[in-house]
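Comments concern the structure below.
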Amino acid sequence: MSRDLDQRIFVAGHRGMVGSAIVRRLKALGYRDLVTRTRDELDLTDQAAVRAFFAEQRIDQVYLASAKVGGIHANNQYPAEFIYENLMIEANVIHAAHQSGVQRLLFLGSSCIYPKLAEQPMKEDALLTGTLEPTNEPYAIAKIAGIKLCESYNRQYGRDYRSVMPTNLYGPNDNFHPENSHVIPALLRRFHEAALNGDEEVVIWGSGTPKREFLHVDDMAAASVHVMELDTQTYQANTQPMLSHINVGTGVDCSIRELAEIIAKVTEFGGRLSFDASKPDGAPRKLMDVSRLEAMGWKAGIGLEEGLRSAYRWFLEHRETVRA
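Be aware that the sequence shown starts at 10, since it is given in this note's numbering, and climbs by one per residue.
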């Protein structure tokens, strides 16, 4: 492991769920020189602004956690924004980091990079072996491009740019918008409001049968820093130059129905659950093979119910600020 607490580290996307968790993790470990910028201070889709920022700041390491994200509804409604903004952010940051001499960078992707019908659990080598899930294909294409950007700068310029692919994330600072959020914050909010209103029923999109894997964002942050701190020899021994990304997850999944039942318990909703099968399910199953990461010495530590209770507490404490 390599840990220099005086490294000047830029966390792109520090206000988001993942970026804020990475900042918390770095501070807890004693890193002293963290650099952050809000979107108003630095628009990462603006190439000239990003180039100027890196030229001025003398950054040593980058955690690239900034992205446009959303659930099935948002991906379906805004495909152009999802592919454009994510391509621009990663291209600008990775290229400017290289130009300014940054040797180590961590790019955060997504499990949606894998084919819709990939063999389960999904291994890293499933990348580019089949058709993507149509509902989030633009976002997935952008994330695949980010992996390949990192690999290309490594191959051509000898950089040490790494990529981690998290499974479905949840936790503090999540997006709880009733339409544009992912499944866990959407259900936490919906069940909370149903319990508050005394509703007899909560209707959930889809059949309830698809299986998903969920990782608490604090675990994701711990895994990200762990991967970043690995010495180059260890990282390269467990990856390949053109297959360098690392899955991050728990290695355990559950059905959407099972997830809804746990959330009903956590939020103390006593009514019935029903499922609207006319709504899209997405991929039938998405489970990560995390053996590569475990071989590098890291394993998830937060169980699903424990993590959901933590996320729900955060929502209750911040619900005035997360309302749409």
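Even for Gly, the Cβ is constructed at its ideal location relative to N, Cα and C. Since we're looking at a predicted model, the values are computed, not measured.
(request) Determine the direct distance from the alpha carbon of MET297 to that of LYS220, and round the result to whole angstroms. (result) 12 Å
(request) Report the rounded CA-to-CA distance for HIS235 versus GLY291, giving the unit in angstroms. (result) 31 Å
(message) In whole angstroms, give me the CA-to-CA distance for LYS288 and VAL192.
(response) 13 Å
(message) Could you compute how far the alpha carbon of GLY215 sits from the alpha carbon of SER161?
(response) 39 Å
(request) Could you pull the start and end residues of the alpha helix (DSSP H) that ARG60 belongs to? (result) 56-66
(message) By the DSSP assignment, the alpha helix (DSSP H) with SER233 in it spans what residues?
(response) 226-238
(message) Can you check which of these residues, ARG318, LEU136, LEU239, ASP228, is closest to LEU126 by C-alpha distance?
(response) LEU136
(request) Tell me, to the nearest whole angstrom, how far the beta carbon of ILE98 is from that of SER233; I am working on the premise that it is less than 8 Å. (result) Not a contact, Cβ separation roughly 17 Å.
(request) Please report the Cβ distance between ASN145 and ASN206, rounded to the nearest whole angstrom; I am assuming they are in contact, meaning their Cβ atoms lie under 8 Å. (result) No, ASN145 and ASN206 are not in contact; Cβ-Cβ is about 31 Å, not under 8 Å.
(message) Using the Cβ count rule (16 or more neighbours within 10 Å means buried), how would you classify LEU14?
(response) exposed
(request) Return the Cβ separation of ILE122 and ALA149 in integer angstroms, given the expectation that the two are a contact with Cβ distance under 8 Å. (result) 5 Å
(request) Flag ALA64 as yes when its Cβ comes closer than 7 Å to any non-hydrogen atom of the ligand PLP, and as no otherwise. (result) In the structure on display, the ligand PLP does not appear, and there are no ligands present to speak of.
(message) According to DSSP, ILE271 sits in a beta bridge with which residue or residues?
(response) According to DSSP, ILE271 bridges with nothing at all.
(request) Pair every Cβ in the region 105-112 with every Cβ in the region 51-69, then say whether three or more of these pairs are closer than 8 Å. (result) yes
(request) Rounded to whole angstroms, what's the CA-CA distance from GLY25 to VAL44? Just pull it up for me. (result) 15 Å
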